[in-house]
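Here the structure is laid out as structure tokens; the discussion comes afterwards.
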Amino acid sequence: MNIFNPTIFPAVTALIGSLIGAGITACSGLYMERRRHRRNVEIYTAGFIAEVESLVEIINIRGYITDLESTLQTLPKDQSISFNILIPDNYARFYDANIAYVGLLKPTTAKNLVIFHQILQAIVQDFKPESFCSANGHSYDTLKELLNLANKAIQLADEIKLNK
0 MNIFNPTIFP
10 AVTALIGSLI
20 GAGITACSGL
30 YMERRRHRRN
40 VEIYTAGFIA
50 EVESLVEIIN
60 IRGYITDLES
70 TLQTLPKDQS
80 ISFNILIPDN
90 YARFYDANIA
100 YVGLLKPTTA
110 KNLVIFHQIL
120 QAIVQDFKPE
130 SFCSANGHSY
140 DTLKELLNLA
150 NKAIQLADEI
160 KLNK
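Dropping the structure here:
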């Protein structure tokens, strides 16, 4: 069988051309999908980290941790006080809107990000007007626990920024 036979040659070249075309199409599709995925990883990583940094910045500027520390130094261990911080329910807009994309992050970063937001959510719950602590006052132990949670959130934020 001679592939240069005038009756077989056009079929062979058409087959080879089709295979080359299919290969190029598949490779370009894979390339574009990989590029899109890489870009999404960059976009969502930047967004999650920016939100974490801004939340920590607000915590620092408003002096929440400093206020908790000074309150703990002056509060007798057997007393409770009213300690109010107004925190909106939608304080983590980017996280809430894009939680489905947390899996694009590195596993350690994703884990730390979720824990960071769970800690903040726990803190927010304790300051809501309908919470037990807000209704009955924050005890020394409750404030100490809140301070530990806030410090843990700051530590996680630092790890998130380092491990992006």
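Per numbering that gives the first Met the number 0, the very first residue in the sequence shown carries number 0; after that it's consecutive. Each residue gets a CB set at the ideal place from its N, CA and C atoms; glycine is no exception.
> Is it the case that the Cβ atoms of T44 and K163 are separated by a distance below 8 Å?
Replying inline: On the sequence shown, residue 44 is found 45 positions in, with the first residue counted as 1. On the sequence shown, residue 163 is found 164 positions in, with the first residue counted as 1. In this structure, K163 lies closer than 8 Å to T44 by Cβ.
> What three-state label does DSSP hand S27 in the structure shown?
Replying inline: Looking up residue 27 in the sequence shown gives position 28. DSSP places S27 in helix when its eight states are reduced to three.
>> Taking 8 Å as the threshold (beta carbon to beta carbon), is V101 in contact with chain D?
In response: Looking for chain D here will not work: only one protein chain is present.
>> Considering only their Cβ atoms, is the gap separating A91 from V101 smaller than 8 Å?
In response: In the sequence shown, the residue the question calls residue 101 occupies position 102. In the sequence shown, the residue the question calls residue 91 occupies position 92. Against a cut-off of 8 Å, the Cβ pair of A91 and V101 comes out as no contact.
>> Below 8 Å on the Cβ atoms is my contact criterion, and I expect I122 with L148 to pass it. Report the Cβ-Cβ distance as a whole number of Å.
In response: Looking up residue 122 in the sequence shown gives position 123. Looking up residue 148 in the sequence shown gives position 149. Correct: roughly 6 Å between the Cβ atoms.
>> Just verifying my parser: in three-state terms, what is the DSSP assignment at I80?
In response: Along the sequence shown, one-based indexing puts residue 80 at 81. In the structure shown, I80 sits in a strand (DSSP, three-state: E or B).
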